[in-house]
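Single-structure report; data block below.
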Amino acid sequence: MDYQVQQRDVEFLLDDVFDVQSAWQQIEAFADLTPDVVEAIVAEGGRVASEVMAPLNQSGDAEGCQWQDGQVTTPNGFASAFSELAQGGWLGLSGNPQFGGQGMPKSLGCLVEEMFWSANSSLYLYGTLTVGACLCIDAHGSHEQKRQYLPKLYSGQWTGAMALTESHAGTDLGIMRTKAEVQSDGSYAITGQKIFITSGEHDMAENIVHLTLARLPDAPLGSKGISLFIVPKFLPNADGSLGQRNGWSSGSLEHKMGIKGSATSVINYDGAKGFLLGEENQGLAAMFTMMNYERLSVGLQGLGAAQLAYQHSASYARERVQGRAPTGPENPEAVADSILVHPDVRRMLLTQRAYAEGCRALGFYVGMQLDLAKYADDAQAQRIGELLTPVVKAFLTDRGLECAVLGQQVLGGHGYVKEWGMEQIVRDARIGQIYEGANGIQAIDLVGRKVVRDGGQTLKELIDEIIATDVDDEFAPSLRDVCKRLTTVTESVVDRSKQDPNLPGAVSVDFLDFVGLTLCAWMWARMASCAPQDEFGAAKRATARYFYARLLPQTLGLERSIGAEADAVMSLPAAAF
Ligand SMILES: Cc1cc2nc3c(=O)[nH]c(=O)nc-3n(C[C@H](O)[C@H](O)[C@H](O)COP(=O)(O)OP(=O)(O)OC[C@H]3O[C@@H](n4cnc5c(N)ncnc54)[C@H](O)[C@@H]3O)c2cc1C
């Protein structure tokens with residue numbers, strides 16, 4: 002399936018909307034990052050996405066992964082494409098330069114990741130798990146662990162995986178059973194079974210490094226009794242060469258709705274050798290370093306799906322002729338007009354475009370908060386990054402599926418059959434709403450841990466920043482209005498949550514959508530206000546107007562539904578379901 006990188010849009014975000022050259026100049030670590038280097042990174046990332054990864058998207062889906070006697074074979078071409086991705090340094094783009102990473106801004110990484118997700122989400126999953134494992138080892142590992150693992154992972158010689166889920170323990174990791182027993186040499190013997198492990202076993206790298214959660218025999222009950230271990234497939238020798246095969250294996254592959262080129266394994270640990278990462282019983286907190294990264298990345302997966310669906314449906318709509326324009330034939334010579342004359346087809350295309358471009362800007366903004374937090378010790382950016390991580394994960398993956406389904410609808414029956422590739426985009430996008438913490442859990446995280454817990458303070462700081470932004474008069478009143486309503490809704494949720502423990506969970510999904518739409522409105526006002534006076538800028542302003550006229554009003558309905566008490570969802574007795 003073809004994929005075209007949105008080069009012009011990326012340049013517009015970097016130069017005009019976020020003026021990154023001045024922003025990055027303020028951060029010592031990025032002071033040498035010249036526009037030429039940034040341009041070259043974006044161009045080469047785009048080339049890898051469109052020329053190396055995208056051509057394998059449909060064939061990877063058709064072939065899927067195969068399992069035989071514990072060995073997993075990935076689709077044809079995946080191994081060499083992954084090796085090109087890795088050799089290009091893309092897995093270490095934002096990695097620690099001391100151990101072979103390139104130390105580039107996370108925000109820049111967000112733009113490149115979107116391209117990889119659009120091009121081939123199954124293939125990029127092997128990459129994103131590796132990047133996340135690196136972050137976790139870099140944040141919590143000893144110097145020796147970093148030296149041993151990071152260079153091999155950044156270079157893609159080895160890949161990473163994250164092993165949390167068990168058949169009875171998904172969202173509630175506190176009840177997991179996999180056990181870890183300390184050995185005389187200071188390592189741990191890991192025993193138990195994990196399910197749904199992405200990239201847990203495959204044939205694309207010489208070693209696979211699991212970051213595995215397990216419980217020590219005397220650990221406290223619940224999530225405070227979980228420790229994190231590095232459990233490689235082959236035990237590395239001191240000189241970095243591969244030693245003995247470790248005691249874990251893939252028991253089977255899951256048969257999935259989509260992302261079929263991504264190998265998702267059941268993993269059996271039979272006394273496998275594990276090395277403690279961080280402190281005993283502090284494993285879940287350490288794992289969150291990886292999970293928060295993966296949440297942002299999975300949000301970008303949703304964005305990638307929205308962009309891909311838009312490209313394909315817009316290109317189809319340009320060619321497809323059916324019916325006549327309501328105002329009379331536009332192309333009387335032909336048997337029918339292009340379906341672009343129909344207002345409803347335009348609604349579908351503009352919705353996809355407004356979400357894709359708005360969410361791209363939002364993802365970049367959140368990436369910048371993470372950069373400021375990490376490299377400039379900016380405490381407010383740290384709080385805002387934490388506040389918005391669940392929003393990016395859930396809002397972007399929800400919109401990603403919505404846009405994929407809209408794209409399918411633009412193609413009519415051709416959207417439902419395999420040849421055109423649209424049904425694959427729908428199947429591949431669906432998982433984003435489920436893994437890395439289901440979207441309902443993201444919404445509870447936002448409302449419970451990030452908003453109610455600090456009395457709405459961080460969200461208020463963000464709303465103040467939005468209101469203080471200088472945007473065109475055309476958008477300023479509506480932007481102020483939605484901010485005012487979000488402030489009132491937030492105060493009400495914080496207040497009512499004190500009276501009713503069911504309230505946060507009852508309103509959380511609607512609240513997250515309200516926040517996501519407000520942030521998109523902010524991004525659209527900023528983009529429209531600095532759009533150039535040319536065709537590109539005119540399209541930006543028209544799409545911004547569409548967003549404000551047709552999508553932002555959803556917040557009015559959300560405001561009403563968030564106003565309902567928890568009783569609306571809790572009054573039906575459990576026995577009635
Ligand atoms: C293709 C695929 C790849 C995956 N990759 C990995 C991986 O690499 N590593 C890994 O460890 N796991 C992985 N997973 C597991 C995934 O993260 C979990 O499936 C997900 O977190 C949900 O857990 P669960 O399936 O047990 O659902 P459950 O936890 O049983 O949840 C079921 C439903 O109940 C809701 N729910 C549960 N608890 C609460 C609560 N407290 N409050 C409100 N609602 C609640 C959920 O939102 C959900 O809608 C993968 C899964 C799939 C399908």
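In terms of this note's numbering, the sequence shown opens at residue 2 and continues consecutively. Every residue, glycine too, gets a C-beta built ideally from N, C-alpha and C.
(request) Go to His582, then tell me how far its alpha helix (DSSP H) extends in each direction, as first and last residue. (result) Here the chain comprises residues numbered 2 to 578, so residue 582 is not present and cannot be evaluated.
(request) Using 7 Å as the cut-off, classify the Cβ of Lys451 as near or not near the heavy atoms of ligand 1, replying yes or no. (result) As a position in the sequence shown, residue 451 is number 450, starting the count at 1. Lys451: no, Cβ never under 7 Å from ligand 1.
(message) Would you call the region 371-386 in contact with the region 418-436, where contact means no fewer than 3 C-beta pairs closer than 8 Å?
(response) no
(message) Here's the rule I'm using: 16 or more other beta-carbon atoms within 10 Å means buried, otherwise exposed. How should Tyr580 be labelled?
(response) This structure cannot speak to residue 580, because the chain is shown only from 2 to 578.
(message) Does Ile176 pass the burial test, meaning 16 or more other C-beta atoms within 10 Å, or should it be called exposed?
(response) As a first step, residue 176 must be located in the sequence shown, where it is residue number 175. Exposed is the call here.
(message) Measuring only the C-alpha atoms, how far is Leu513 from Ile268?
(response) Here residue 513 corresponds to residue number 512 of the sequence shown, with the count starting at 1. Here residue 268 corresponds to residue number 267 of the sequence shown, with the count starting at 1. Their Cα atoms are separated by approximately 34 Å.
(message) Please report the distance separating the alpha-carbon of Gln410 from that of Cys404.
(response) Counting from one through the sequence shown, the residue named residue 410 turns up at place 409. Counting from one through the sequence shown, the residue named residue 404 turns up at place 403. Straight-line Cα distance between these residues: approximately 10 Å.
(request) Report all residues from its chain with a CB closer than 7 Å to the CB of Leu309; omit the five preceding and five following residues, and keep chain order. (result) The residue you call residue 309 lines up with position 308 of the sequence shown. If we look at Leu309 and ignore the five residues flanking it on each side, its Cβ neighbours are Tyr4, Ser119 and Ile426.
(request) Please state whether DSSP places Pro333 in a helix, a strand or coil. (result) Here the question's residue 333 lines up with position 332 in the sequence shown. DSSP places Pro333 in coil when its eight states are reduced to three.
(request) Pull up the distance between the alpha-carbon of Val495 and that of Thr519, whole angstroms please. (result) For the purposes of this step, residue 495 is identified with residue 494 of the sequence shown, where counting begins at 1. For the purposes of this step, residue 519 is identified with residue 518 of the sequence shown, where counting begins at 1. Val495 and Thr519: Cα-Cα distance of roughly 18 Å.
(message) Val113 and Gly46 - do their beta-carbons sit closer together than 8 Å?
(response) Translated into the one-based positions of the sequence shown, residue 46 becomes position 45. Translated into the one-based positions of the sequence shown, residue 113 becomes position 112. Taking 8 Å as the Cβ cut-off, Gly46 and Val113 qualify as a contacting pair.
(message) Here's a check: name, in chain order, each residue in its chain whose Cβ is nearer than 6 Å to the Cβ of Thr172, leaving out the five neighbours to either side.
(response) Walking along the sequence shown from the start, residue 172 turns up at place 171. Within the same chain, Thr172 has close Cβ partners Ile442.
(request) Indicate, with yes or no, if ligand 1 has a heavy atom lying under 7 Å from the CB of Thr172. (result) Here residue 172 corresponds to residue number 171 of the sequence shown, with the count starting at 1. Indeed, a heavy atom of ligand 1 lies less than 7 Å from the Cβ.
(message) Tell me the residue span of the alpha helix (DSSP H) that contains Lys499.
(response) Here residue 499 refers to the residue found at position 498 when the sequence shown is read from its first residue. Where Lys499 is concerned, the enclosing alpha helix (DSSP H) stretches over Ala477 to Gln500.
(request) Counting only the same chain and skipping the five closest in sequence on each side, list residues whose C-beta sits under 6 Å from that of Val232. (result) The count along the sequence shown starts at 1 and reaches residue 232 at position 231. So the qualifying residues of the chain are Ile191, His211, Thr213, Ala273 and Gly275.
(message) On the criterion of 16 or more Cβ atoms from any shown chain inside 10 Å, does Leu261 qualify as buried, or is it exposed?
(response) Residue 261 sits at position 260 when you count from the first residue of the sequence shown. Per the sequence presented here, residue 261 reads as Lys, with Leu not at that position. When all chains shown are included, Lys261 counts as buried.
(message) Does the distance between the C-beta of Met163 and the nearest non-hydrogen atom of ligand 1 fall short of 7 Å?
(response) Here residue 163 corresponds to residue number 162 of the sequence shown, with the count starting at 1. Yes, Cβ of Met163 sits closer than 7 Å to a heavy atom of ligand 1.
(message) Out of Met349, Leu285 and Pro574, which one is the CA nearest neighbour of Gly413?
(response) Along the sequence shown, read from residue 1 onward, the residue named residue 413 stands at position 412. With distances taken between Cα atoms, Gly413 lies closest to Met349.
(message) Within the continuous alpha helix (DSSP H) that includes Val267, where are the two ends?
(response) For this step, residue 267 is matched to residue 266 along the sequence shown. No alpha helix (DSSP H) contains Val267, which is instead part of the beta strand (DSSP E) from Thr265 to Leu277.
(message) Can you find the residues in the same chain that come closer than 6 Å, C-beta to C-beta, to Gly359, ignoring five residues on each side of it along the sequence?
(response) Indexing the sequence shown from 1 puts residue 359 at position 358. Closer than 6 Å at the Cβ level, and outside the excluded window around Gly359, lie Cys521, Met524 and Trp525.
(message) Pop quiz: Val39 and Leu154 are said to be a contact at Cβ under 8 Å. What is the actual Cβ separation, rounded to whole angstroms?
(response) As a first step, residue 39 must be located in the sequence shown, where it is residue number 38. As a first step, residue 154 must be located in the sequence shown, where it is residue number 153. So it is not a contact: roughly 25 Å between Cβ atoms.
(request) Could you tell me how far apart the beta carbons of Asp379 and Leu388 are, in whole angstroms, since I believe they sit closer than 8 Å? (result) Along the sequence shown, one-based indexing puts residue 379 at 378. Along the sequence shown, one-based indexing puts residue 388 at 387. Actually they are not in contact, since the Cβ atoms of Asp379 and Leu388 sit about 14 Å apart, beyond 8 Å.
(request) Kindly examine ligand 1 and report whether one of its heavy atoms sits closer than 7 Å to the Cβ of Ile467. (result) Position 466 of the sequence shown, counted from the first residue, corresponds to residue 467. Checking every heavy atom of ligand 1 against the Cβ of Ile467, none is found closer than 7 Å.
(message) In the DSSP assignment, the alpha helix (DSSP H) including Gln72 goes from what residue to what residue?
(response) By one-based count along the sequence shown, residue 72 stands at place 71. Per DSSP, Gln72 belongs to no alpha helix (DSSP H); it is in the beta strand (DSSP E), Gln72 to Thr74.
(message) Any heavy atom of ligand 1 inside 7 Å of the beta-carbon of Phe289?
(response) Position 288 of the sequence shown, counted from the first residue, corresponds to residue 289. No, ligand 1 has no heavy atom inside 7 Å of this Cβ.
(message) Looking at the secondary structure, which residues open and close the alpha helix (DSSP H) in which Ala395 lies?
(response) In the sequence shown, counting from the first residue as 1, residue 395 sits at position 394. Ala380 to Val411 is the extent of the alpha helix (DSSP H) around Ala395.
(request) Using beta-carbon positions only, say whether Gly201 and Ala162 come within less than 8 Å of one another. (result) The residue you call residue 201 lines up with position 200 of the sequence shown. The residue you call residue 162 lines up with position 161 of the sequence shown. Going by C-beta atoms, Gly201 is nearer than 8 Å to Ala162.
(message) Do Ala181 and Leu148 have their beta-carbon atoms positioned less than 8 Å apart in this structure?
(response) The count along the sequence shown starts at 1 and reaches residue 148 at position 147. The count along the sequence shown starts at 1 and reaches residue 181 at position 180. The sequence shown places Arg at residue 148, not Leu. It is not a contact, given that the beta carbons lie outside the stated cut-off.
(request) Spell out a yes or no on whether the region 483-495 and the region 535-545 are touching, meaning 3 or more CB-CB pairs, one atom from each, closer than 8 Å. (result) no
(message) At a threshold of 7 Å, does Phe197 count as lining ligand 1 (C-beta to nearest heavy atom)?
(response) Stepping through the sequence shown from its first residue, residue 197 is reached at position 196. Indeed, a heavy atom of ligand 1 lies less than 7 Å from the Cβ.
(message) Quick check: the region 547-561 against the region 351-358, are at least 3 beta-carbon pairs closer than 8 Å?
(response) yes
(message) Just to confirm, is the Cβ distance from Ser263 to Gly71 under 8 Å?
(response) The sequence position of residue 263 within the sequence shown is 262, counting from 1. The sequence position of residue 71 within the sequence shown is 70, counting from 1. No, the pair does not count as a contact, with Cβ atoms beyond the cut-off.
(message) Can you tell me whether Tyr127 sits near ligand 1, meaning its C-beta is under 7 Å from at least one heavy atom of the ligand?
(response) Reading the sequence shown from its first residue, position 126 is the one you call residue 127. Result no, Cβ not under 7 Å from ligand 1.
(request) Could you check which residue in Val18, Val453 and Gln8 has the C-alpha nearest to that of Thr470? (result) Translated into positions along the sequence shown, residue 470 becomes position 469. Checked all of Val18, Val453 and Gln8; the closest Cα to Thr470 is Val18.
(request) List the endpoints of the continuous alpha helix (DSSP H) containing Gly441. (result) Against the sequence shown, residue 441 aligns to sequence position 440. Looking at the DSSP string, the run of the alpha helix (DSSP H) that includes Gly441 is Asn440 to Ile445.
(message) For Asn238, which residues in the same chain have their Cβ closer than 8 Å to its Cβ, ignoring the five residues on either side in sequence?
(response) Sequence index remark: in the sequence shown, residue 238 carries index 237 (1-based). So the qualifying residues of the chain are Gly244.
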